[in-house]
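Participant:
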Amino acid sequence: MLMPLPGRHRRRIRVGLPLAAAGVAAAVTAALLTTSAGAATALPRPAGSPVVSQPSQATLAQRIAGADRTSAPATSGSPSHVSPKVVGGNETTISAAPWMAQLWYHDDKGTTDTSDDVGFFCGGSVVSPTKILTAAHCVKGYDWNKYGAVVTGTDQLPTTGSGGSADLHGGQATGVLRQWNHPSYSATAIDNDIAVLTLDVPVSATPIRMTTSGDTASYAGGTSATVYGWGRTSSTSDDISQTLETGTLTLHADSTCTGVYGSDYVAGHMVCAGTQSGSDTGTRASCNGDSGGPLVVGGRIVGVVSWGVKDCVEKGYYSVFTKVSTYVGAAYPQIDDTNLSAGDGKADLFVRSSSTKTGYEKDSTGSSFGARTSLGDWSGTDLVLQADLNRDGYQDLVYRVSSTGDVYWDHFVLNSARTDGSWATTKIFSGWGTRKRIVVAGDLTGDYKPDVLSVDSGGTMWLYPGNGNGTFGSRAEVGTGWDQYNSVRGHGDLTGDGKADLLARQAGTDDLYLYRGTGRSGSGAFSARIKVRSAWTGYDAFDAVGDVSGDGRADLLARTPGGTLYLYKGTGKATSEIFATRISSGTGFQAYDIWG
């Protein structure tokens, strides 16, 4: 990191919250998510359990206990690392910020010598039941699956209880399945400082949404924002807060931030906020230990605690946050990434044999699909779609019964121990036999709850806003004329703006059109269509199941009449370059008549 320049620069330091050595025991009693499994039914459903095995509570407790509360994640940008906490804030409760998460990391390097241990603490935000938004400097270079633990549902840090056990104060301890940080994150510049952790099992904490890619109002100079964290509360003490703190910070214009930090501040990637008076009195800032926590405006995350100056109160400086609106397009696919094989971040394929009516799961390898796995007899259905209507991180199936037109939702329900569960079936729509199209594209309305689209017999498209539990709000008319298309598909964000989109192929011409999602409902749900392919003939079946390749962009699958399946990897561009050059994903796919 740069050394201070006379009268201008100070060293910036990572704001990761360290774990103090005191106050944590080696055993944890976690609060468990309690759900009830659905009754058995003869309707089709996937086989087996999608639950990923997570570490024992004792193992998670050891990780929490070993993390150092007084050291931040190491970065190459500064020779000293301090974990920030809210200076000039007030204590708050988890009910006021139910999305807050504690991120604990401890790697003892397999030795009894504690001098080589790596342990630290960061903050984070629950943005869906299995996803934690945090800072890349808390994630990059660390193995969170082997050495991490996440605690949600409490405003207190763990403390030692009777008999040497650890008290989570009603919180829930969870392991980490996998991690993602922005691919362009720079530890030297502390730029592109954003990351997502995927948990082993869903948590019961209420999520908070990220702001949208087009949000500019939230970043106007003078806007009041709220920061949350367990970091330091004073420049004269390294102690972090036992209780969650919150503080109100004023956002500053980019010109103000650049005037203070010069080239260290990257306009468009960062936002600065707060007031630093030179002492604790009059200072409003994030500080050591707050790293990865949220800066909130209007109920949405607009910033992630990233860096600042040492001891957090130096006069004339400000706390610096990752500007979330810039990174929604990169982070959102990491949040909406469920797949049938549970956990690898690559969207899989459901297909049904046209001869035997057996349903099969074919898992993505990134460019093709592995050997098929039988899911049983699906002869009673005429449509199957993959979805995650309750955003629990487990792939659901939405299907229509051909004899009645009723639409059902098969979803997995965890047991009280969060170790297994059973499949439940819920009827979500009745008498939809005449619907020409049914599409589960993801979150179309901007509330992180997946929605359903249908086209009726007259060609009118309707949007059914999801409530996140398999029920839906009142339908809204999107528009008419949707019967002009011979295919309408979509699952996820095709353009990199964090909003779900649609693809539609024109009957007669076979021109392919992109409908960009706007995050709104009704007639404003999509922008004007954009032609992305002309005369796209040669294909008789399409499927959109999300990110098949695992690169963070939604893809499209297209089959030729001869049975060759091609993968069109998304590029994130809303132009004719929306897809990369096609890749053959195998042959013999003419054997299937339903694509999920």
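Positions -39 to -1, 1 to 557 (mature numbering (1 follows the signal peptide of the UniProt record, and there is no 0)) are the ones given, in order, by the sequence shown. Glycine included, C-beta positions come from ideal geometry on N, C-alpha and C.
Contact defined as beta carbons within less than 8 Å: I believe residue 155 pairs with residue 86. What is the distance between those atoms, to the nearest angstrom?
Facilitator: Counting from 1 along the sequence shown, the entry for residue 155 is found at position 194. Counting from 1 along the sequence shown, the entry for residue 86 is found at position 125. That pair is no contact at about 11 Å.
Participant: Give me the DSSP bridge partner(s) of residue 348.
Facilitator: Position 387 of the sequence shown, counted from the start, is the residue given in the question as residue 348. Answer is 357, bridged to residue 348.
Participant: Return the first residue and the last residue of the beta strand (DSSP E) that residue 28 is part of.
Facilitator: On the sequence shown, position 67 is the one that residue 28 refers to. Note, residue 28: premise wrong, no beta strand (DSSP E); not H, not E.
Participant: By alpha-carbon positions, which one of 535, 534 and 530 ends up nearest to residue 542?
Facilitator: Counting from 1 along the sequence shown, the entry for residue 542 is found at position 581. That would be 530, whose Cα lies nearest to the Cα of residue 542.
Participant: To the nearest angstrom, report how far apart residue 349 and residue 89 are at their CA atoms.
Facilitator: For the purposes of this step, residue 349 is taken as the residue at position 388 of the sequence shown. For the purposes of this step, residue 89 is taken as the residue at position 128 of the sequence shown. The alpha-carbon atoms of residue 349 and residue 89 are separated by roughly 11 Å.
Participant: For the segment 321 to 328 and the segment 287 to 307, state whether three or more C-beta atom pairs, one from each stretch, are separated by less than 8 Å.
Facilitator: yes
Participant: From which residue to which residue does the beta strand (DSSP E) around residue 68 run?
Facilitator: Locating residue 68 in the sequence shown gives position 107, counting from the first residue. Segment 61 to 68, the beta strand (DSSP E) holding residue 68.
Participant: For residue 359 versus residue 398, is the C-beta spacing smaller than 8 Å?
Facilitator: The residue you call residue 359 lines up with position 398 of the sequence shown. The residue you call residue 398 lines up with position 437 of the sequence shown. No; because the gap between Cβ atoms is not below 8 Å, this pair is not in contact.
Participant: Check this for me: beta carbons of residue 491 and residue 519, under 8 Å apart or not?
Facilitator: On the sequence shown, residue 491 is found 530 positions in, with the first residue counted as 1. On the sequence shown, residue 519 is found 558 positions in, with the first residue counted as 1. Cβ atoms of residue 491 and residue 519: not closer than 8 Å.
Participant: Helix, strand or coil, according to DSSP, for residue 83 in the structure here?
Facilitator: Within the sequence shown, the letter at position 122 stands for residue 83. Secondary structure of residue 83 (DSSP, three-state): strand.
Participant: Can the beta-carbon of residue 511 be found closer than 8 Å to that of residue 549?
Facilitator: Taking the sequence shown and counting its residues from 1, the one referred to as residue 511 is at position 550. Taking the sequence shown and counting its residues from 1, the one referred to as residue 549 is at position 588. Cβ distance not < 8 Å, so residue 511 and residue 549 don't count as in contact.
Participant: Report the rounded CA-to-CA distance for residue 210 versus residue 497, giving the unit in angstroms.
Facilitator: Residue numbering aside, residue 210 sits at position 249 when the sequence shown is read from its first letter. Residue numbering aside, residue 497 sits at position 536 when the sequence shown is read from its first letter. Taking the straight line from one Cα to the other gives about 52 Å.
Participant: Does the distance from the CB of residue 221 to the CB of residue 288 come in under 8 Å?
Facilitator: Counted from its first residue, the sequence shown places residue 221 at position 260. Counted from its first residue, the sequence shown places residue 288 at position 327. Going by beta carbons, residue 221 and residue 288 fall outside the 8 Å limit.
Participant: Is the Cβ-Cβ distance between residue 152 and residue 227 less than 8 Å?
Facilitator: Here the question's residue 152 lines up with position 191 in the sequence shown. Here the question's residue 227 lines up with position 266 in the sequence shown. In contact: residue 152 and residue 227 (Cβ atoms closer than 8 Å).
Participant: Measure the Cβ-Cβ separation of residue 559 and residue 113 and say whether it is below 8 Å.
Facilitator: It is not possible to answer for residue 559, since the shown part of the chain is limited to -39 through 557.
Participant: Considering only the beta carbon of each residue, do residue 444 and residue 416 sit closer than 8 Å?
Facilitator: For the purposes of this step, residue 444 is identified with residue 483 of the sequence shown, where counting begins at 1. For the purposes of this step, residue 416 is identified with residue 455 of the sequence shown, where counting begins at 1. Cβ distance < 8 Å, so residue 444 and residue 416 count as in contact.
Participant: Within 7 Å: the Cβ of residue 482 and any heavy atom of the ligand ZN?
Facilitator: What this structure holds is no ligand at all, so the ligand ZN is not there to describe.
Participant: Quick one: measure Cβ to Cβ for residue 138 and residue 160, integer angstroms, because I've assumed they're closer than 8 Å.
Facilitator: Position 177 of the sequence shown holds residue 138. Position 199 of the sequence shown holds residue 160. Yes, they are in contact, since the Cβ atoms of residue 138 and residue 160 sit about 6 Å apart, within 8 Å.
Participant: Report buried or exposed for residue 482, applying the criterion of at least 16 other Cβ atoms within 10 angstroms of its Cβ.
Facilitator: Reading the sequence shown from its first residue, position 521 is the one you call residue 482. So residue 482 counts as buried.
Participant: In or out: residue 388 buried (at least 16 other Cβ within 10 Å) or exposed?
Facilitator: The sequence position of residue 388 within the sequence shown is 427, counting from 1. Under this definition residue 388 is an exposed residue.
Participant: If you check the beta carbons only, do residue 345 and residue 313 fall under 8 Å apart?
Facilitator: The count along the sequence shown starts at 1 and reaches residue 345 at position 384. The count along the sequence shown starts at 1 and reaches residue 313 at position 352. Closer than 8 Å, so yes.
Participant: Where do the ends of the beta strand (DSSP E) carrying residue 370 lie?
Facilitator: Along the sequence shown, one-based indexing puts residue 370 at 409. It spans 368 to 375 - the beta strand (DSSP E) in which residue 370 sits, taken as one unbroken run.
Participant: Could you check if residue 337 is buried or exposed, using at least 16 other CB atoms within 10 Å of its CB as the buried criterion?
Facilitator: The residue given as residue 337 occupies position 376 in the sequence shown. Residue 337 comes out exposed.
Participant: For residue 149 and residue 408, what's the separation of their Cα atoms in angstroms?
Facilitator: By one-based count along the sequence shown, residue 149 stands at place 188. By one-based count along the sequence shown, residue 408 stands at place 447. Answer to the nearest angstrom: the Cα atoms are 35 Å apart.
Participant: Would you report the Cα separation of residue 392 and residue 93, rounded to the nearest angstrom?
Facilitator: As a working mapping, residue 392 is identified with position 431 in the sequence shown. As a working mapping, residue 93 is identified with position 132 in the sequence shown. C-alpha separation (whole angstroms): 39 Å.
Participant: Helix, strand or coil, according to DSSP, for residue 216 in the structure here?
Facilitator: Taking the first residue of the sequence shown as position 1, residue 216 is located at position 255. It is helical.
Participant: List in chain order: all unbroken alpha helix (DSSP H) runs of 4+ residues lying wholly within the segment 501 to 537.
Facilitator: none
Participant: Residues in the same chain with beta-carbon distance under 8 Å from residue 554, minus the five sequence neighbours each way, listed in chain order, please.
Facilitator: Position 593 of the sequence shown, counted from the start, is the residue given in the question as residue 554. The answer, listed in chain order, is 313, 314 and 315.
Participant: Decide if residue 22 is buried, meaning its Cβ has at least 16 other Cβ atoms within 10 Å, or exposed.
Facilitator: Here the question's residue 22 lines up with position 61 in the sequence shown. It counts as buried.
Participant: In terms of residues, what are the limits of the alpha helix (DSSP H) holding residue 427?
Facilitator: Here residue 427 refers to the residue found at position 466 when the sequence shown is read from its first residue. Segment: none, residue 427 is in no alpha helix (DSSP H) and carries neither H nor E.
Participant: Please state whether DSSP places residue 553 in a helix, a strand or coil.
Facilitator: Within the sequence shown, the letter at position 592 stands for residue 553. Note: residue 553 maps to strand in three-state DSSP.
Participant: Measure from the alpha carbon of residue 394 to the alpha carbon of each residue in 374, 406, 402 and 368, then state which is nearest.
Facilitator: One-based indexing of the sequence shown puts residue 394 at position 433. Of 374, 406, 402 and 368, the residue nearest in Cα terms is 368.
Participant: Just the C-alpha distance for residue 27 and residue 192, rounded to the nearest angstrom, thanks.
Facilitator: One-based indexing of the sequence shown puts residue 27 at position 66. One-based indexing of the sequence shown puts residue 192 at position 231. For residue 27 and residue 192, the gap between their C-alpha atoms comes out near 18 Å.
Participant: Could you round the C-beta distance between residue 256 and residue 234 to whole angstroms and report it? I think they count as a contact, below 8 Å.
Facilitator: Counting from one through the sequence shown, the residue named residue 256 turns up at place 295. Counting from one through the sequence shown, the residue named residue 234 turns up at place 273. That pair is a contact at about 7 Å.
Participant: Using DSSP with H/G/I as helix, E/B as strand and the rest coil, what is residue 234?
Facilitator: Counted from its first residue, the sequence shown places residue 234 at position 273. Assigned with DSSP and collapsed to three states, residue 234 falls in strand.
Participant: Helix, strand or coil: which one does DSSP assign to residue 185?
Facilitator: Residue numbering aside, residue 185 sits at position 224 when the sequence shown is read from its first letter. Strand, per DSSP.
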